[in-house]
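Engineer: If you want my numbering, it's the 1-based position in the sequence shown plus 4.
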Amino acid sequence: MTPPTPSTEQEVAQLRMLLAQRERQLAEISQAYEDFLRAVSHDLRAPLRHVTSYGTLLAEVLPEAGLQGPAWEEAEEFLGTMNQSARRMGQMLDGLLALSRIVRAPLQRQPVALAALLAEVQTELAARTAQRSIEWQAQLQTAHVEADAALLRQLLRQLLDNALKFTQSRSPARIAIACWRNTEGQVGLRIQDNGVGFNPAQAAGLFGLFQRLHRENEFEGVGAGLAAVRAIAKRHGGDAQASAILGEGCTVTVTWPG
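So, in structure tokens, the structure goes:
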């Protein structure tokens, strides 16, 4: 083997210096990100708690101070909007934290028994389905998939939670779950419902963070769930897509090598 020339040694040393510099920069970015998460999880919640707490106190004090009639009704409406906005911001912070955990959590791929995991998630959601007429359909062509079990559970729960939410006006609601593996070894997971659907022209922004296609007074949520679904799919080297017909339902398909 030919020994490295002085110029080659110099180039190797420069590359090592550059690599060390990049590692320091990544460590600084990681620390800044940790500081941000700490602020989100603690520091930013304190003022929100004050807003909701003092809003409740004001609602109790103002009638005692003599505020009545139309003036009180208007003040009550303002306080309700303030409280609702503060709670919504809290939910948005929760969404940011959940997304950051998905992106940063170590990925632990393992064989996951899909039917058992699906049954567990349906049991967790049982309280939401107890008084409803729901027709479940499952076609699982593959018994096991390679995935991070905790992230796959979160993905399934979010997709089924969405399907239940957007079929709440349907009786019966129909929710179909399908899973398959193609000849190239790629796994496909599809959740289809007969809910309210959405305008297909808006599908491009559906997986964006805090993107909503329906008014807040129609359906709860802040638009963070499908962003988490796509993030989980991408952590597995895959992606998520959605299609719908307004008034007839929605289909979400997640694919990943597994």
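Glycine included, C-beta positions come from ideal geometry on N, C-alpha and C.
1) With distances taken from CA atoms, which of T255, L250 and R49 is nearest L97?
2) Taking contact to mean 3 or more Cβ pairs, one atom from each stretch, closer than 8 Å, check whether the stretch 138-151 and the stretch 200-211 are in contact.
3) Only counting the same chain, and skipping five residues up and downstream in sequence, which positions put a Cβ closer than 8 Å to that of S137?
4) Could you have a look at H240 and say whether DSSP puts it in helix, strand or coil?
5) Which residues mark the beginning and the end of the alpha helix (DSSP H) in which H54 is found?
6) Near A79, which residues of its chain fall below 7 Å by C-beta distance, leaving aside the five closest residues on each side in sequence?
7) Where Q172 and A180 are concerned, what is the direct C-alpha to C-alpha distance, given to the nearest angstrom?
8) Can you give me the Cβ contacts of E13 inside the same chain, cut-off strictly under 6 Å, excluding the 5 residues immediately before and after it?
9) With DSSP run on the structure shown, which of helix, strand or coil describes V233?
10) Note down the Cα distance separating D243 from V258, rounded to an integer number of angstroms.
11) Of all Cβ atoms in chain D, is any one closer than 9 Å to the Cβ of G70?
12) Please report how far the alpha carbon of N238 lies from the alpha carbon of G73, in whole angstroms.
13) Less than 9 Å between the beta carbons of V233 and Q162, yes or no?
14) From V125 to Q25, what distance separates their C-alpha atoms?
15) Report yes if the CB atom of V256 is closer than 9 Å to the CB atom of L230, and no otherwise.
16) What I want to know is whether the C-beta of V233 ends up closer than 8 Å to one or more non-hydrogen atoms of the ligand NAD.
17) Take E68 and list the residues in its own chain whose beta-carbon comes closer than 7 Å to its own, dropping the five residues that flank it on each side.
18) Going by DSSP in three states, V116 sits in which element: helix, strand or coil?
19) Which residue from V55, Q95, W76 and S104 puts its Cα closest to that of N87?
20) Return yes when the Cβ of L111 is within less than 9 Å of the Cβ of H240, no when it is not.
21) Assuming the contact rule is C-beta atoms closer than 8 Å, D197 and G253 should be a hit. Round their C-beta distance to whole Å, please.
22) Ends of the alpha helix (DSSP H) at T85?
23) Leaving out five residues on either side along the sequence, give the residues of the same chain with a beta carbon under 6 Å from the beta carbon of F170.
24) What span of residues does the beta strand (DSSP E) with T259 cover, start to end?
25) Within 10 angstroms of the Cβ of G227, are there 16 or more other Cβ atoms? Answer buried if so, exposed if not.
Structural biologist: Once the coordinates are examined:
1) R49
2) no
3) S175, P176 and A177
4) coil
5) R49 to E68
6) L66 and L71
7) Going from the Cα of Q172 to the Cα of A180 covers about 15 Å.
8) none
9) helix
10) The alpha-carbon of D243 is positioned some 6 Å away from that of V258.
11) Any reference to chain D falls outside this structure, which holds one protein chain only.
12) Looking at the sequence itself, residue 238 is Lys, so the reference to Asn does not match. Whole-angstrom Cα-Cα distance: 55 Å.
13) yes
14) 45 Å
15) yes
16) No copy of the ligand NAD occurs in the structure displayed, which carries no ligand at all.
17) none
18) strand
19) Closest by C-alpha distance to N87, out of V55, Q95, W76 and S104, is V55.
20) yes
21) 5 Å
22) Segment G73 to R108, the alpha helix (DSSP H) holding T85.
23) G199 and V200
24) G253 to P261
25) buried
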